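Okay, structure first, notes after.
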Amino acid sequence: MYKLLLSWRYLCTRYIALASIISVTLGVATLIIVNAVMAGFTEEANKRLNGIISDIVFESVSMDGFPNPDWHKAEIRKVLGSDLVGVTATVAVPAMLSIPVGHDQHLASPVRLIGVDEQTYAEVGDFGKYLLHPENRQQLSFLLRQDGYAPEREKFPRSGWRYRRARIMYERAYEEQVALERAKLGAVPQQEPAEPAIPADPYGSAVPADPYASHQAAAPTFDPMTQQSTGVILGIAVCSQRQKDETGEVRDFFFCRPGDDVKITIPTAGSPPNFVSDVLTVVDIYESKMSEYDASLAFMPLEALQNLRGMFDAQHNVRYVTSIQIKLKPGADLNAARDRLQSRFPIRQYPYRIQTWRDMQGPLLAAVQLETTILNILLFLIIAVAGFGILATFYMIVVEKTRDVGILKALGAPSRGVMSIFLGYGFSLGLVGSGVGLGLGLLFVHYINEIAAGLERITGRPIFDPTVYYFREIPTIVSLHTVVGVMAGAVAIAVLASVLPARRAARLHPVEALRYE
Amino acid sequence: MNSLTATSSPTIAVRPTGAAQSHAFPGLHSLSATVPLPAPAPADSDYQLVARGLHKSFRKGNLIIPVLRGVDFAVRRGQFTAVVGQSGSGKSTLLHLLATLDAPDRGEVHFEGTRIDNLPPIKRDRIRNRNLGMIFQFYHLLPELTTLENVLAPSMIHEGIWSYLRHKRAHVERAQRLLDLVGLSHRLQHRPRELSGGEMQRAAIARALIAAPQLLLADEPTGNLDRRNGVEILSILRTLNREENLTIVMVTHDLAIAERADCTVQLVEGQVQAT
Ligand SMILES: Nc1ncnc2c1ncn2[C@@H]1O[C@H](COP(=O)(O)OP(=O)(O)OP(=O)(O)O)[C@@H](O)[C@H]1O
Ligand SMILES: [Mg+2]
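Line by line, the protein sequences give chains C and H.
For the first sequence, this note's numbering begins at 1 and goes up steadily by one.
For the second sequence, this note's numbering begins at 1001 and goes up steadily by one.
Shown next as structure tokens:
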């Protein structure tokens, strides 16, 4: 009883000891903040990665792919049984995308073009969720919508059919005007290639090596006012650039938007591959907020891509795909499922790469994990350093309390009891320190975005730059597990630091202690 | 080869207190147990506290300072004994040995018929807590606790948290009664530094009595007090001795105070000297 009472009284009367555990408080607060932010980043990144990649990916090692996706799907269904939620076949191929910007200028960017099945692709991931048009989020379609893209985005440029018609009308009027001007001047327009400032549709019908020439021949009256080419969905960073405008606000500038046409160049199947190009109409934009994907992905209908690349055997009516994506029930054991698939499709017979999304993102996830671990170790070292401060302070307190120890022993307190007074004191200090740290940390995490904004205003430098991270807010997750771990660690360090002084107190000779002045 | 019978007779110096004191404390005669010298040594059971051939020396580097050199000494139940001697003669050291706060180099301490100086620490702690009360010259109250809590400290030390809380009311009542007895019932919630020396010593007496000990050891309880307070403390001790039949061993260098004890033991050169 006296142990509790005295620990408590020492806690209430020695404020210097409280000062010594401020470092514990700060350490705990920092640990909680760092872990929350790291966990938030990891969780958010995982969610998005998993949503983009699906659970298990079944890839052909060659770009020509493998035949008979339906047979494969059936086999996979047999192997995975009721764990399977969705499965879809895709073709992925590197491509060169070129977007017309201004007169005769093309923005070229390498992309990974993925042919997806409109009906089933949404089953295996969150692909639909990341599209800008609300109806496409419900049901994926490669047809251009009238209007209503990205209703929740402010200042998104007008897109869709209405924009397309307005643009074409404007361009035609402009061309007519130019032709008129030229006629007036008596110039021969065809012989003047260096005519400036004509933002005409650089493709129109004048793409000579158009492999769709036959299609267009079949439909010779292709009218861009009422017809679209094959649809394509572009990653947002492929077709836009995020910048701060004059007012300092972060805005996206779009080089092209739904309703515009772009050109794509891809290798055909076969060896060596040839290159084919086609004009596609942008029908939506994809924003997963993972810059790596937003800057590199483009999607088009599976069949159109197969046709374009020649990935079908007309004789046997067999189509080829390069990968199959599989979605499992939530909570299913991905690694086990992968292993089962691997044993069904042994690599000797079937040259496929079967990976879970974690396998594919291994390096990224491992890097984040490593970073978290290192930060945790460093911060715990800080708390350990604080432990030495506590040790010194405690030692002084024990020296100061020498006479009290003598009194207690004279009154019959056993050495153990004296020791536990100081251990209890250390424990309660640790508890108070880490408790305050917990409060601070949680408050900080709760207001982290406000704090970042405040710091930004004060320093004039961006703390958390959305143009870099593609997160509009700092994601945080406070997990009970880490909080409890951090608290326990901090309290343990405070108790450990008080062991030495407590032992000294316990070993004091009562008479010497009573004589102490 | 100590044996009380062999060595005690010449060294035990117990002087009957003068009759002048006895009228001030009626009933003293019944308590005043004098040891007739040289009488056959009484059986140990007659004595509550017996010290036999206590030796104690302190080392300072390779210099050995002998402080006690064979102290023989016995106190009867209910006796009020004063230990006198010059400063540095080893009075405090003797008291610490009797209270088992320190161990003698040689010799034995018997309390209620059992040897206590060589008991394991836990048992000695218990004896100090339950059977002995101690008062010091510098009061030695715990500065973080209130008067009441200081008085309750031995009970808190004795009992675990649950049993203490269960019996708290009884403990507090007893502490209040004791504080009432020493005249300090109006200072229950004060901290030691808010009390005067006399008040602190009263609190210390109440604390020494909380466990209802059989023996009270006091080391110059009046040494730090003015005359009036000293006399008051002394009369509290006298009353306790008389009414509760409490055995008291009190160290003092004030002969006037020693006069009022039942008997006086004088320490000279580390030995008890006949007076
Ligand atoms: N721990 C110690 N180390 C060395 N010498 C000590 C120690 N304790 C006591 N002494 C010595 O023992 C002798 C007796 O000390 P003690 O405190 O018992 O004297 P005392 O009779 O109580 O004196 P006073 O009347 O001044 O209180 C002194 O000379 C002192 O210097
Ligand atoms: Mg002394």
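Every residue gets a Cβ at the ideal spot worked out from N, C-alpha and C, and that includes glycine.
Note that the structure is a prediction, hence the values are computed from the model and not measured.
Short Cβ contact (8 Å threshold) for residue i with residue j
| i | j | result |
| --- | --- | --- |
| C/VAL93 | C/ILE326 | no |
| H/VAL1084 | H/LEU1098 | no |
| C/ILE354 | C/ILE32 | no |
| C/ARG162 | C/GLN139 | no |
| H/ARG1124 | H/ILE1116 | yes |
| C/ILE324 | C/ILE76 | yes |
| C/ALA494 | C/GLY430 | yes |
| C/THR88 | C/GLU123 | yes |
| C/VAL436 | C/ALA513 | no |
| H/THR1252 | H/ALA1074 | no |
| H/ARG1174 | H/THR1146 | no |
| C/VAL37 | C/THR373 | no |
| H/LEU1178 | H/ALA1206 | yes |
| C/ALA29 | C/LEU440 | yes |
| H/GLU1232 | H/GLY1198 | yes |
| C/VAL85 | C/PRO351 | no |
Nearest-angstrom Cβ-Cβ length linking residue i and residue j, presumed shorter than 8 Å
| i | j | result |
| --- | --- | --- |
| H/PHE1295 | H/ALA1204 | Limits of chain H in this structure are 1001 at one end and 1275 at the other, which puts residue 1295 of chain H out of reach. |
| H/LEU1049 | H/PRO1104 | That belief does not hold up - the Cβ atoms of H/LEU1049 and H/PRO1104 are roughly 14 Å apart, past 8 Å. |
| C/TYR320 | C/ASP64 | 7 Å |
| C/LEU234 | C/ASP261 | About 12 Å; that fails the 8 Å criterion. |
| C/LEU49 | C/MET300 | At roughly 22 Å, the Cβ-Cβ gap does not stay under 8 Å, so C/LEU49 and C/MET300 are not in contact. |
| H/ASN1129 | H/HIS1167 | No, H/ASN1129 and H/HIS1167 are not in contact; Cβ-Cβ is about 15 Å, not under 8 Å. |
| C/VAL511 | H/HIS1096 | 5 Å |
| H/VAL1272 | H/ASP1072 | 6 Å |
| C/ILE285 | C/PRO258 | 7 Å |
| H/PRO1154 | H/ALA1211 | 5 Å |
| H/LEU1094 | H/LEU1068 | 6 Å |
| C/LEU308 | C/VAL276 | 6 Å |
Interface partners of residue i on chain H, CB under 7 Å
| i | result |
| --- | --- |
| C/ARG504 | Those do not exist, as C/ARG504 stays about 17 Å from chain H at its closest Cβ, beyond 7 Å. |
| C/SER428 | Neighbours of C/SER428 on chain H: none; closest Cβ ~14 Å, over 7 Å. |
| C/VAL445 | Those within 7 Å of C/VAL445 in chain H number zero; the least Cβ separation is about 37 Å. |
Spatially closest choice to residue i from the options, by CA coordinates
| i | options | result |
| --- | --- | --- |
| C/GLY389 | C/LEU500, C/PRO258, C/HIS509 and C/VAL250 | C/LEU500 |
| H/LEU1188 | H/ASP1105, H/GLN1048 and H/LEU1152 | H/LEU1152 |
| C/GLY102 | C/THR476, C/MET169 and C/PHE255 | C/PHE255 |
| C/THR482 | C/LEU438, C/ARG507 and C/PRO510 | C/LEU438 |
| H/LEU1237 | H/ARG1193, H/GLY1090, H/PHE1080 and H/ARG1227 | H/PHE1080 |
| C/LEU391 | C/LYS263, C/SER498 and C/PHE427 | C/SER498 |
| C/SER7 | C/ARG515, C/LEU455, C/SER420 and C/ALA488 | C/SER420 |
| C/ARG98 | C/GLY426, C/ARG48, C/CYS12 and C/VAL238 | According to the sequence provided, residue 98 of chain C is Ser. The question's Arg does not apply to it. Taking only the C-alpha atoms, the option nearest C/SER98 is C/VAL238. |
| C/PHE312 | C/ARG457, C/VAL91 and C/ALA332 | C/VAL91 |
| C/GLN227 | C/GLY426, C/VAL283, C/ARG242 and C/LEU80 | C/VAL283 |
| C/LYS329 | C/LEU80, C/LEU508, C/GLU154 and C/LEU143 | C/LEU80 |
| H/ARG1076 | H/GLN1214, H/LEU1209, H/LEU1225 and H/SER1087 | H/GLN1214 |
| C/LEU496 | C/GLY426, C/MET169 and C/PRO272 | C/GLY426 |
| C/ALA332 | C/TYR447, C/TYR10, C/TRP71 and C/ASP83 | C/ASP83 |
| H/LEU1225 | H/ARG1106, H/GLY1133, H/TYR1139 and H/GLY1088 | H/TYR1139 |
| C/ILE382 | C/ALA17, C/VAL24 and C/GLY248 | C/VAL24 |
Interface partners of residue i on chain C, CB under 8 Å
| i | result |
| --- | --- |
| H/ILE1116 | By Cβ distance, chain C contributes nothing, its closest Cβ being about 13 Å from H/ILE1116, past 8 Å. |
| H/LEU1145 | LEU5, LEU6 and ARG9 |
| H/ILE1161 | MET1 and LEU4 |
| H/TYR1164 | MET1 |
| H/ASP1105 | Near H/ASP1105 there are no residues of chain C at all, since even the closest Cβ is about 14 Å away, more than 8 Å. |
| H/ALA1153 | TYR2, LEU408 and LEU411 |
| H/GLU1199 | In chain order: nothing, as chain C lies at least about 17 Å away. |
Where residue i meets chain D, residues with beta-carbon distance less than 9 Å
| i | result |
| --- | --- |
| C/LEU508 | You won't find chain D in this structure, because its protein chains are C and H. |
Residue i: contacting residues in chain H (beta-carbon distance under 8 Å)
| i | result |
| --- | --- |
| C/PRO414 | PRO1121, ILE1122 and ASP1125 |
| C/GLY417 | ILE1157 |
| C/ILE407 | HIS1140, LEU1141 and LEU1142 |
| C/THR13 | GLU1144 |
| C/VAL399 | Going along chain H, no residue has its Cβ under 8 Å from C/VAL399, so there is no contact; the nearest lies around 15 Å. |
Partner residues on chain C for residue i, Cβ-Cβ distance less than 7 Å
| i | result |
| --- | --- |
| H/MET1134 | ALA410 |
| H/ASN1129 | LEU411 and GLY412 |
Per-residue contacts from residue i into chain H (C-beta, under 9 Å)
| i | result |
| --- | --- |
| C/LEU18 | Per Cβ cutoff of 9 Å: no residues; C/LEU18 is ~15 Å from chain H at best. |
| C/ASP518 | The requested residue 518 of chain C is not part of the displayed model; chain C covers only 1 to 517. |
| C/VAL511 | SER1092, THR1093, HIS1096, LEU1101 and ASP1102 |
Chain C contact residues for residue i, given Cβ-Cβ distances below 9 Å
| i | result |
| --- | --- |
| H/PRO1221 | Ordered by position in chain C, no residue passes the 9 Å Cβ test against H/PRO1221, which lies about 14 Å from the chain. |
### Query
What does the shell around ligand 1 hold, if a residue joins when its beta-carbon is under 5 Å from any heavy atom?
With the cut-off at 5 Å, the residues found are H/PHE1058, H/VAL1067, H/SER1087, H/GLY1088, H/SER1089, H/GLY1090, H/LYS1091, H/SER1092 and H/THR1093.
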